[in-house]
Amino acid sequence: MKAAGLLVACLSLLLLSGRAHAEALVLSLSNHRVQITSTWAGSDLVIFGVIDNDRRSVTRQEPYDVVVTAIGPRASTVVREKVRLGPIWMNLQQRKFFEVPITVAQISSRPIAAITAPDLRRRFGLGLEALLDPAGYDLIYDPSFRSALIRLQRNAGLYKTDERGVTFITPSIFRAIVPVPPTAPLGGYEVNVALYSGGVLLARESTNFEVSKAGFEQAVATAARQHPYLYGLATAAIALIFGWLATVIFRRD
Amino acid sequence: MQIYLPIAELPISIFLVLGIGAAVGFISGMFGVGGGFLMTPLLIFIGIPPAVAVATETAQIAASSMTGAIAYWRRRALDFKLGGVLLAGGVVGTVLGVAFFNSMRRLGQLDLVITLSYITLLSSVGGLMLTESIRSMLSARRGMVAPLRPVGHPWYFRLPLRMRFHRSKLYVSVLPLLLLSVLIGFAGAVLGIGGGFLMVPALIYMFRVPTAVVVGTSLFQILFTMVAAIILHSATNQSVDIILALLLVVGGVFGAQFGARAGQNIRGEHFRLLLALIVLAVGVRFASEIVLKPDELYSIGLTEIRR
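Quick mapping for you: the protein sequence lines, in order, are chains A and B. In the numbering used here, each residue's number is its place in the first sequence (first place is 1) plus 37. In the numbering used here, each residue's number is its place in the second sequence (first place is 1) plus 11.
Given below as structure tokens:
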């Protein structure tokens, strides 16, 4: 039912939009405000897209390829390398990556390698290596630190790729699942969708969503930041009350 | 069942945290130690950011020392005057420790500082306790009683500002006492430990405080030092997670009660040997982390989000 409603929404948007290009994308994201509550353990958003080519101005020989890229908030990230120093292993080498996305999810309809040629992949940011490559995040280029960053973030579940995640419901309507990991940082996320055919970029469109704390979690985080002394006193009071309660409950005389 | 920790910013299993709280509480009740030296590493191990683990653990220590201090106070085994002097030093040490903690965090060296300090502290204290307990076990077997209170006063008793502590049967300069408590308060704030396992032996061996009052006095001092640490960590680095603290406190409080009962059935020397082995095991665990070649040489050190 929800999916059907979304489709209707997409289609009505479609009728309103008139584009000069041969193809245009119309997107609909299931949720633009992801709220973290006490039961939060990550979430999945559904994105629907319609490929608008109803004037049939062009017919493609090759099938459509869709790549959905969700990029989370950016942060300066330090990657450290342990080096042996005498008997111990210490973090001695480090590289700082400026304003690198904390989370990346790239979902495509086919393996990235099959969609376009390597130079275009690099230009369009297809695949994690390409996506994190061109912007000059690190001052000194060092491939081992860059691949370490990608590997570590992948293991932490923050960088994800799914090369069969975009499914076509009809030849011109597709859907994909955008994962929001449990440790997702708060802030704005950008979702870019690109349409390719025969290795050529046909259309691009983007939407966004925001991850924020809600309700009690929000209240606690706000209290900790805005009233730090009261917050500290409250935590201390809880500790002391429970400590005292234990002596009352377990008193044996 | 998962619960989201609002300050640590990650979901975690409620039962895992309660279980860790209960297990550490059991050990702390059994041996009369705060258990911070076990809890903080465990929290880091299950994925809590070190800064949050250290800052939050202070709440759990406050709760367990509250329970202990009340019990000793009822038995009148608590020297308030000595505790007050130690507390003054402890608060100064905590202020310095929190400032050091924050600056190391800014420099990105906090993890290394925590690891190295744990190794030094645990292996030296564990080693000392181990040799001491083995020696007393051997002499007990030979039918001798090891002298716990050596006679004669060391030089630092005669420094200026001498004060009389009736309950502890002590007439001593407050300067060495203050120095000791500043150092322990500092270590406590940086490492997320109460420091009972440092304070108790120091008071017994260096100041000849009677064993009967030493634990209660140490708990009293830890209680207020940790309250200061909670407030200072909250105010300066906002790393105290109240939900995590609550879970640890509840688990720890119950674990400690059962631990205290189990502890009554163990003989003194065996008891100290066991505690020494636990302390050493944690030290070895930390040491292996930096001595063995790690599986993954790289790590994400620090992320700064602009808010």
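Glycine included, each C-beta is placed from N, C-alpha and C at the ideal position.
Distance between A/G236 and A/Q190 (C-alpha atoms, nearest Å): Computed Cα separation, rounded: 29 angstroms.
Segment contact flag, the segment 278-296 of chain B with the segment 138-152 of chain B, C-beta cutoff 8 angstroms, min 3 pairs: By the Cβ rule, the segment 278-296 of chain B counts as touching the segment 138-152 of chain B, because three or more pairs are nearer than 8 angstroms.
Beta-carbon proximity list for B/G227, same chain, < 6 angstroms, skipping 5 on both sides: Excluding positions up to five away in sequence, the list reads Y83, A88, L89.
Cα-Cα separation, B/Q249 to A/Y233: The alpha-carbon of B/Q249 is positioned some 47 angstroms away from that of A/Y233.
Residues from the segment 124-154 of chain A in contact with chain B, defined by Cβ distance under 8 angstroms: Those would be P124, I125, W126, M127, N128, Q131, I139, in chain order.
Neighbour flag for B/T78 against chain A, beta carbons, 8 angstroms: Chain A has a Cβ within less than 8 angstroms of the Cβ of B/T78.
First through last residue of the beta strand (DSSP E) which encompasses A/T21: Only positions 38 to 290 of chain A appear in the structure, and residue 21 of chain A is not among them; the question remains open.
Same chain, Cβ closer than 7 angstroms to A/E60, neighbours up to 5 away in sequence not counted: These residues qualify, in order along the chain: I88, D89, N90, L232, L239, A240.
Separation of B/G45 from A/G225, as counted between CA atoms: Taking the straight line joining both Cα atoms gives about 42 angstroms.
Coil, strand or helix - B/Q275 by DSSP: In the structure shown, B/Q275 adopts coil according to DSSP, grouped into three states.
Same chain, Cβ closer than 6 angstroms to B/W137, neighbours up to 5 away in sequence not counted: A small correction: the amino acid at residue 137 of chain B is Gly; Trp does not occupy that position in the sequence shown. Counting only Cβ-Cβ distances below 6 angstroms, and skipping sequence neighbours, we find A287, V290, L291, G294.
Contacts of A/I73 in chain B (Cβ-Cβ under 8 angstroms): Within 8 angstroms Cβ-Cβ: Y15.
Pairwise C-alpha distance: A/A276 and A/Y266: Answer to the nearest angstrom: the Cα atoms are 15 angstroms apart.
Chain-ordered neighbours of B/P22 on chain A, where CB pairs are closer than 7 angstroms: Residues of chain A with a Cβ closer than 7 angstroms to the Cβ of B/P22 are, in chain order, W77, A78, P219.
Cross-strand partners of A/R203 (DSSP beta bridge): Note that residue 203 of chain A is Val in the sequence shown here, rather than Arg. Paired residue(s): none; A/V203 is not in a bridge.
Contained alpha helix (DSSP H) runs [length at least 4] in the segment 200-230 of chain B, N- to C-terminal order: Given a length threshold of 4 residues, each whole run of the alpha helix (DSSP H) inside the segment 200-230 of chain B is given here in chain order: 207-218.
Cβ-based burial, A/P171 [other Cβ within 10 Å; buried from 16]: Residue confidence is low: A/P171 scores 49 on pLDDT, short of 50, so the model does not pin down where it sits. Its coordinate-derived value is still stated next. The residue is exposed, with fewer than 16 neighbouring Cβ atoms inside 10 Å.
Run of the alpha helix (DSSP H) containing A/E99, from where it starts to where it stops: Secondary structure note for A/E99: it is in no alpha helix (DSSP H), with a DSSP letter that is neither H nor E.
Beta-carbon proximity of A/Q72 to A/S249, cut-off 8 angstroms: Yes, the pair counts as a contact, with Cβ atoms nearer than the cut-off.
First through last residue of the alpha helix (DSSP H) which encompasses A/P180: It spans 180-192 - the alpha helix (DSSP H) in which A/P180 sits, taken as one unbroken run.
Minimum Cβ-Cβ distance from B/S245 to chain A less than 8 angstroms: Cβ-Cβ to chain A under 8 angstroms: yes for B/S245.
Endpoints, the alpha helix (DSSP H) within which B/T51 is located: Looking at the DSSP string, the run of the alpha helix (DSSP H) that includes B/T51 is 47-56.
Test: B/P52 CB closer than 8 angstroms to a CB of chain A: Residue contact check for B/P52 against chain A: no CB pair falls below 8 angstroms.
Whether B/T9 touches B/L98 by CB criterion (8 angstroms): In the structure as shown, chain B starts at 12 and stops at 318, and residue 9 of chain B therefore has no counterpart that could be examined.
Chain A contact for B/S75 (CB, 8 angstroms cutoff): Under the Cβ distance rule, B/S75 counts among the residues neighbouring chain A, one pair being separated by less than 8 angstroms.
Spatial distance of A/F85 from A/E99 (CA atoms): Distance between the alpha carbons of A/F85 and A/E99: 22 angstroms.
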